[in-house]
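*Asks:*
Written out as structure tokens, the structure reads:
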């Protein structure tokens, strides 16, 4: 049962976020600017968000349905669900399985992660990178492998 908890949590979170995702452009902050940057591989804002631009451009080709903006919303949906799964995976090695599942489930329905996983924004992707960094920092790898993985994640 524990083996199925993570994939089930990912699929449920993905389905919930996809069902509640904006059908078109959201009015939240710089959604349109990020969508334009992902299509043209341009610079969206002062930091540029190169990882989001590259991932968004790739997702435009991977998702065969919906408008350009909706396909970028699907990227955020995917990243939000992946971040929730990553938290479950990280916690499942530290606390009992029901507690890890409950914590990840509460994260999935928290207002901030849910809202920012419904639209074209870089925050869900940032959550994935943050969870990956936490996993590397707390992983049972050698110091050399942790350093290499951390350097790759940070850039």
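In this note's numbering, the protein residues as written are 255 to 409.
For glycine and all other residues, C-beta sits at the position ideal for the given N, C-alpha and C.
#1: What is the DSSP secondary structure of residue 381, reduced to helix, strand or coil?
#2: Between the C-alpha atoms of residue 359 and residue 396, what's the straight-line distance to the nearest angstrom?
#3: If the criterion is Cβ atoms closer than 8 Å, does the pair residue 371 and residue 330 meet it?
#4: Report the rounded CA-to-CA distance for residue 319 versus residue 374, giving the unit in angstroms.
#5: Report the CB separation of residue 410 from residue 310 in whole angstroms; it is logged as a contact under 8 Å.
#6: Taking the alpha helix (DSSP H) that residue 325 falls in, what are its first and last residues?
#7: How is residue 280 classed by DSSP in three states: helix, strand or coil?
*Replies:* Short version:
#1: helix
#2: 31 Å
#3: yes
#4: 16 Å
#5: Given a span of 255 to 409 for the chain in the structure shown, any question on residue 410 remains unanswerable.
#6: Start and end: 322-346.
#7: If DSSP states are grouped into helix, strand and coil, residue 280 belongs with coil.
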